[in-house]
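Numbering (the numbering used here), first residue to last: 26 to 230.
No residue lacks a Cβ here, since even glycine has one placed at the ideal position from N, Cα and C.
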């Protein structure tokens, strides 16, 4: 069982696409939490030269170009703040599809800053996608607890057919939400934390 005073950082990238090598990460937002409480919120727009967003991405993410241009920060500034958290062993990292998407994109951000990423933090990731698959498919958390190998095993098990997108999970877990705000960075991390709290109680970890 997780300690009731456990610290969490819940993160989410917004990118120009789904390509794990070439997509441009233009937003990285996170909330810092302890136990069930949100301590602080951090919305970070990343200054990407020649940022190219399709009309679909702009619509899905409610992209506001004027706001982005006003608030964007140098990539190094955002990366410096992000890595303080992900490399801090006191924090568990939470995200929706974080293992297979956000983790590689974190590497892209580090590369933009001409740094090599240390992936040791992946052992502290709790991804709501495999957790939700386990819950919806009636699987139990191992006695040893949630770990990376168990989550990978679930993600790669093609026999598990339950739908676990964020929108589906918010409805399934009866979490009040605003559909029009989904895919907006800071709102997504807030909803991901609500999903995580419900799954933690359901799966008893």
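Open item on the list: Once DSSP output is grouped into helix, strand and coil, what is the label at residue 67?
Closed with: If you number the chain shown from 1, residue 67 lands on position 42. Three-state result, residue 67: strand.
Open item on the list: Quick check: residue 147 and residue 173, are their CB atoms within less than 7 angstroms of each other?
Closed with: Taking the chain shown and counting its residues from 1, the one referred to as residue 147 is at position 122. Taking the chain shown and counting its residues from 1, the one referred to as residue 173 is at position 148. Going by C-beta atoms, residue 147 is nearer than 7 angstroms to residue 173.
Task: Run of the beta strand (DSSP E) containing residue 53, from where it starts to where it stops - done: As a first step, residue 53 must be located in the chain shown, where it is residue number 28. Start and end: 50–59.
Open item on the list: DSSP three-state label for residue 73, please.
Closed with: If you number the chain shown from 1, residue 73 lands on position 48. Coil at residue 73, not helix or strand.
Task: Proximal residues to residue 96 (C-beta, below 7 angstroms), its chain only, five neighbours per side dropped - done: Here residue 96 refers to the residue found at position 71 of the chain shown. These residues qualify, in order along the chain: 70.
TODO: Could you tell me which residues DSSP puts in a beta bridge with residue 103?
DONE: Translated into positions along the chain shown, residue 103 becomes position 78. Its beta-bridge partners do not exist; DSSP assigns none.
Task: Enclosing beta strand (DSSP E) for residue 213 [first to last residue] - done: As a position in the chain shown, residue 213 is number 188, starting the count at 1. Per DSSP, residue 213 belongs to no beta strand (DSSP E); it is in the alpha helix (DSSP H), 210–228.
Open item on the list: Are the CB atoms of residue 190 and residue 87 within a distance shorter than 7 angstroms?
Closed with: Looking up residue 87 in the chain shown gives position 62. Looking up residue 190 in the chain shown gives position 165. Their beta carbons are not under 7 angstroms apart, which means residue 87 does not touch residue 190 by this criterion.
Task: Helix, strand or coil at residue 182 according to DSSP, with G and I counted as helix - done: What you label residue 182 is simply residue 157 of the chain shown in a count that begins at 1. In this structure, residue 182 counts as coil in the three-state DSSP scheme.
- [ ] Put residue 35 into one of helix, strand or coil per three-state DSSP.
- [x] Start at 1 with the first residue of the chain shown, and residue 35 comes out as number 10. Residue 35: strand per DSSP, three-state reduction.
Open item on the list: Can you tell me where the alpha helix (DSSP H) holding residue 130 begins and where it ends?
Closed with: By 1-based counting over the chain shown, the position of residue 130 is 105. Its alpha helix (DSSP H) spans residues 128–137.
Open item on the list: Only counting the same chain, and skipping five residues up and downstream in sequence, which positions put a Cβ closer than 8 angstroms to that of residue 130?
Closed with: Locating residue 130 in the chain shown gives position 105, counting from the first residue. So the qualifying residues of the chain are 38, 40, 45, 48, 50.
Open item on the list: With the cut-off set at 7 angstroms, would you say residue 138 and residue 104 are in Cβ contact?
Closed with: Mapped onto the chain shown, residue 138 falls at position 113. Mapped onto the chain shown, residue 104 falls at position 79. Result yes, Cβ atoms of residue 138 and residue 104 sit closer than 7 angstroms.
Task: Closest Cα partner of residue 61 within the set 213, 32, 26 - done: Indexing the chain shown from 1 puts residue 61 at position 36. Residue 32 is the option with its Cα nearest to residue 61.
- [ ] Give the DSSP bridge partners of residue 40, in chain order.
- [x] Here residue 40 corresponds to residue number 15 of the chain shown, with the count starting at 1. Residue 40 pairs with 50.
Open item on the list: Less than 7 angstroms between the C-beta atoms of residue 151 and residue 117, yes or no?
Closed with: Numbered from its first residue, the chain shown carries residue 151 at position 126. Numbered from its first residue, the chain shown carries residue 117 at position 92. Closer than 7 angstroms, so yes.
Open item on the list: Could you compute how far the alpha carbon of residue 224 sits from the alpha carbon of residue 193?
Closed with: Mapped onto the chain shown, residue 224 falls at position 199. Mapped onto the chain shown, residue 193 falls at position 168. Straight-line Cα distance between these residues: approximately 14 angstroms.
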